[in-house]
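Accompanying notes for the structure given below.
Protein chains: 6
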Amino acid sequence: MSEEKFASESKCVKTEIVLPGDTNPLGNLFGGRLMEWIDIAGSIAAQRHCGRVVVTAAINHISFSVPIKENSIVTLEAQVSRAFETSMEVIVDVYVENTVTGKRTKCNEAIATYVAIDQNGTPLPVPKVIPQTELEKARYDAALRRRQLSLILSGRLKPDDATELKSLFIK
Amino acid sequence: MSEEKFASESKCVKTEIVLPGDTNPLGNLFGGRLMEWIDIAGSIAAQRHCGRVVVTAAINHISFSVPIKENSIVTLEAQVSRAFETSMEVIVDVYVENTVTGKRTKCNEAIATYVAIDQNGTPLPVPKVIPQTELEKARYDAALRRRQLSLILSGRLKPDDATELKSLFIK
Amino acid sequence: MSEEKFASESKCVKTEIVLPGDTNPLGNLFGGRLMEWIDIAGSIAAQRHCGRVVVTAAINHISFSVPIKENSIVTLEAQVSRAFETSMEVIVDVYVENTVTGKRTKCNEAIATYVAIDQNGTPLPVPKVIPQTELEKARYDAALRRRQLSLILSGRLKPDDATELKSLFIK
Amino acid sequence: MSEEKFASESKCVKTEIVLPGDTNPLGNLFGGRLMEWIDIAGSIAAQRHCGRVVVTAAINHISFSVPIKENSIVTLEAQVSRAFETSMEVIVDVYVENTVTGKRTKCNEAIATYVAIDQNGTPLPVPKVIPQTELEKARYDAALRRRQLSLILSGRLKPDDATELKSLFIK
Amino acid sequence: MSEEKFASESKCVKTEIVLPGDTNPLGNLFGGRLMEWIDIAGSIAAQRHCGRVVVTAAINHISFSVPIKENSIVTLEAQVSRAFETSMEVIVDVYVENTVTGKRTKCNEAIATYVAIDQNGTPLPVPKVIPQTELEKARYDAALRRRQLSLILSGRLKPDDATELKSLFIK
Amino acid sequence: MSEEKFASESKCVKTEIVLPGDTNPLGNLFGGRLMEWIDIAGSIAAQRHCGRVVVTAAINHISFSVPIKENSIVTLEAQVSRAFETSMEVIVDVYVENTVTGKRTKCNEAIATYVAIDQNGTPLPVPKVIPQTELEKARYDAALRRRQLSLILSGRLKPDDATELKSLFIK
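Just so you know, the protein sequences line up as chains A, B, C, D, E and F, in that order.
Position 121 of the first sequence, counted from 1, bears residue number 127 in the working numbering, the numbering being contiguous throughout.
Position 120 of the second sequence, counted from 1, bears residue number 126 in the working numbering, the numbering being contiguous throughout.
Position 10 of the third sequence, counted from 1, bears residue number 16 in the working numbering, the numbering being contiguous throughout.
Position 85 of the fourth sequence, counted from 1, bears residue number 91 in the working numbering, the numbering being contiguous throughout.
Position 66 of the fifth sequence, counted from 1, bears residue number 72 in the working numbering, the numbering being contiguous throughout.
Position 122 of the sixth sequence, counted from 1, bears residue number 128 in the working numbering, the numbering being contiguous throughout.
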């Protein structure tokens, strides 16, 4: 599959209300539930990008900066940041909005990797991503560094070959 | 509260994947689960319009035209169509998308009514709705006929006073 | 299928307790959960009437008159009100009971339509309904008006042909 | 509380459909889900008998004679069989019905004990039970033997004092 | 299958936190949810003992001695106590732990019976159990008395033949 | 809090069966559900280490190497690998076992960070971790590199100060 797609074409918006059944004993959104929502939003974005069934290959990072209170309106926005051979990095931004003013505050950021597969579970090539906005471009660039780091940590890349990442440490 | 708001300001998008735990024994999305998603999307739209806590006053209609298969990506788009004293009519459009082509097909339409309340459960006035697109205007007009019909059926309005609705039958 | 059945033969009773996981942030039964229960009770009644697999064709109306508090005992009573060619209208009455006195209060009424289908999803004819009590007869009559109205609103019936409904407006 | 109540006054009917999300990997109703439904039905019957908040004191027995297939209509019928000082034995009969013929088959029987409590969790006296039908009388009698057995097994009653039960072994 | 296995080889540990969605209206762990966890832990222990698919044959007893509060850490420990022809008795001990001291308190004990089956649902012979600790031996012995009692109550064994059980009443 | 604790004292074991309601449309364990289980096991381990209420601060990494099939027995083993001022890194190993042979295969590894808090949500100091086994020591050392990396990526540490991590790139 040689085609290319704009990053924004994969965008998935998922809005939720935090019901009592979604909370932890502190009365905030239970982390496990948020992770479930993130995985659904992320896999929809990946599926929209490649037009194939996808499976979760890794959760690369999820930050939990502020607790999300019961009854909050939570918006998850997932978008493919960069595609590699058969995998796609997806970034999911999580926002909470103030009901009265409508102002949104970002409270989580998740980075996940999905792989496109065929009926037998064999990975399939996916379209390249074309970033357009400043944010999309910055995330596109950072995705390569994250991938190199991930390959180093799993022993599949030698640190010396991680040129992008190495430049962080050696100027 | 005398302010007015554009219909589109209340828009809520909620995207889901139909997992096995969401299906009925025919392998399609279970109606009760779809209704749950509709109520969440609808109440978020109403809450965004009025900036208040809202409660569901009525489900006026939900059509189920085509079954939604397991593994489908389902998008719910909810928007306030018209506001009355303390109540808001919300229309929720439900789409299924073809994974390969990305083409969306509408498969359900739901109409619900929400009421804004204060801490004691007393209804509160809500902002008026300003429709902009052709669709928003058509739905804004139809909302009045639906309301008159609802008031007639519940015995709170005399058929003779339902001028909008009556014109359907007497030309 | 030419047989006829009494309306009461389809009756389905479903009793629930409102647990914390069923509530909204106001501490009352979450509307989406109630709708899920209504759809289960309604489809059982329809299935009992026709002895076939059924699918939800429409939710025609659900009223939410009083909030149902956490820990309430909720009883749903569903019964087929009238059958048409391949569809059945089901009315679901929802009651809450006072634990100490046992007195029941009606708090919701839902009207839904189900269609009997075969293995290929093709609609099948269903038995006629014989109403017996005064309430069953009143609901049987009203079901025709609701059906005419529904057909008019969806453009499948001309207002002039909706004789039952028209009589509401023209005496 | 010195009053007495008929066993049938506590009757609770709870009807369910076995959805895919309720099944085990064999495609039958998952035992844990059935137990959840049994506990809800049983506690409603106990609460109806005593007009108080109740807590589960023990599950005395649940038999699983035949597997319940996905898509089955399951009816649980719970009724208080006998009351002791502050506790009530409830029997829950579980039936599956043949969709075409409507014929019901009993597939589970559960026996549970509930205790009425006040706000501090202190047990409260409950009304006596008056059995009327043959089945109610047989269950009322057997409840005493079960209670004696339970007290023996937990070391709170000497076998010699369990006159009802002893007669099973010594004629 | 003639092999034997140590009781401890079947041990299954399942740890949970009581989230708000797991509670009853008193703010304690809902009995139905605990029963669901017990059935999962019990069937894993049985499956580990026999290396086969198992189905729940009976819940013989579950005691609820102390309520388990929201936010508690709950540990379920399930282990096969004795095997008969094709069935296994499993005992599940439920503990709550004090977060600060780490001290565990036993709050429930459940006894359940599972049967190993093949693809057609036919019961299969299971390995014998070898008890090692004092507790395992005591439970192994008691399992026989419980089985005899169960067979008597269901009419499949004459009281006179229940030698183990009879000795409780006649010295 | 100046005390120290062995890493193994925090160990939490959580065993699950993959039921149909836990699967994705490929018939494998749904990623979001696994993440929910991981967060529960991880937070229990952290809570056992510090004896305090904890909140999830970050999911640092979750790998999904092999799909987990429906009906699998899944064991999660969570243990604190290292503690910093107020935070704890927890590693959760996820295993699937072959029912017949009992042999376990590791299929996921998750790394998460939890923070101990008081009633006002203020972070509290936690005990140090004493690693004992080779694996515990290796994970203890790696935890520091991961923390430095995390601080660099979030801009809170200069690459030059990340001595542990830098040595990966510059020999």
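Note that CB positions come from ideal geometry on N, CA and C, so glycine has one too.
Asked                                                                                                                   : Found
Nearest-angstrom Cα separation, counted from I65 of chain A out to M7 of chain F                                        : Low confidence applies here, because M7 of chain F scores a pLDDT of 48, under 50, leaving its location unreliable and the question unanswered by this model.
Reference K112 of chain C, options C:V59, C:E15, C:L25 and C:D99, closest by Cα                                         : C:D99
Collapsed DSSP secondary structure at I74 of chain A in the structure displayed                                         : coil
Neighbouring residues, chain B, relative to S69 of chain C (Cβ below 9 Å)                                               : A63, A64, I65 and S160
Reduced DSSP secondary structure (H/G/I, E/B, other) of K11 of chain B                                                  : strand
Where S160 of chain E falls: helix, strand or coil (DSSP)                                                               : coil
Interface positions of the stretch 77-110 of chain E facing chain A (Cβ-Cβ less than 7 Å), listed along the chain       : N77
Interface flag, E15 of chain D vs chain E, CB-CB below 7 Å                                                              : no
N-terminal and C-terminal residue of the beta strand (DSSP E) that Q138 of chain E is part of                           : It is not in any beta strand (DSSP E) - Q138 of chain E carries neither H nor E in the DSSP assignment.
Own chain partners of S78 of chain D with C-beta closer than 8 Å, once the 5 adjacent residues on each side are dropped : I23, V24, L35, V102 and E103
Partner residues on chain C for P26 of chain B, Cβ-Cβ distance less than 7 Å                                            : By Cβ distance, chain C contributes nothing, its closest Cβ being about 17 Å from P26 of chain B, past 7 Å.
Neighbour flag for Q154 of chain E against chain F, beta carbons, 7 Å                                                   : no
Burial state of D167 of chain C (16 or more Cβ within 10 Å)                                                             : exposed
Close Cβ partners of T92 of chain D (< 7 Å) along its chain, the five nearest in sequence each way excluded             : V121, A122, P129, L130, P131 and V132
Proximal residues to L157 of chain F (C-beta, below 6 Å), its chain only, five neighbours per side dropped              : L163
DSSP three-state assignment for P129 of chain B, whether helix, strand or coil                                          : strand
Within-7 Å CB hit, P133 of chain B to chain D                                                                           : no
Bounding residues of the beta strand (DSSP E) (the contiguous stretch that carries E42 of chain A)                      : No beta strand (DSSP E) holds E42 of chain A; the alpha helix (DSSP H) holding it covers G37 to C56.
Status (buried if at least 16 other CB within 10 Å, exposed otherwise) for E76 of chain A                               : buried
C-alpha distance - I44 of chain C paired with G38 of chain B, whole-angstrom precision                                  : 8 Å
Burial state of S71 of chain B, where buried means 16 or more other Cβ atoms lie within 10 Å                            : exposed
M7 of chain A at chain C interface by Cβ criterion, 7 Å                                                                 : For M7 of chain A, the predicted structure reports a pLDDT of 48, less than 50, and the residue's modelled location is therefore unreliable. A value from the coordinates is still provided. Not an interface residue.
Per-residue DSSP class, three states only, for L82 of chain F                                                           : strand
Per-residue contacts from D45 of chain B into chain C (C-beta, under 7 Å)                                               : G37, G38 and M41
Span of the beta strand (DSSP E), counted from its first residue to its last, around N114 of chain B                    : R110 to I123
Proximity to V96 of chain B [Cα-Cα], best of B:E9, B:V60 and B:E140                                                     : B:V60
Paired residues, beta bridge with A89 of chain B - DSSP                                                                 : B:M94
Under 8 Å by beta carbon: chain C residues contacting P73 of chain B                                                    : V61 and G127
Per-residue burial, V106 of chain C [other beta carbons within 10 Å of its own, 16 or more giving buried]               : exposed
Any C-beta of chain D under 7 Å from that of K143 of chain C                                                            : no
is_contact[T29 of chain C, chain D] using C-beta, thresh 7 Å                                                            : no
Per DSSP, cross-strand counterpart(s) of A64 of chain A                                                                 : A:T119 and F:S69
Backbone CA spacing between I74 of chain D and N114 of chain D [nearest angstrom]                                       : 10 Å
Under the three-state DSSP convention, the category P26 of chain C falls into                                           : helix
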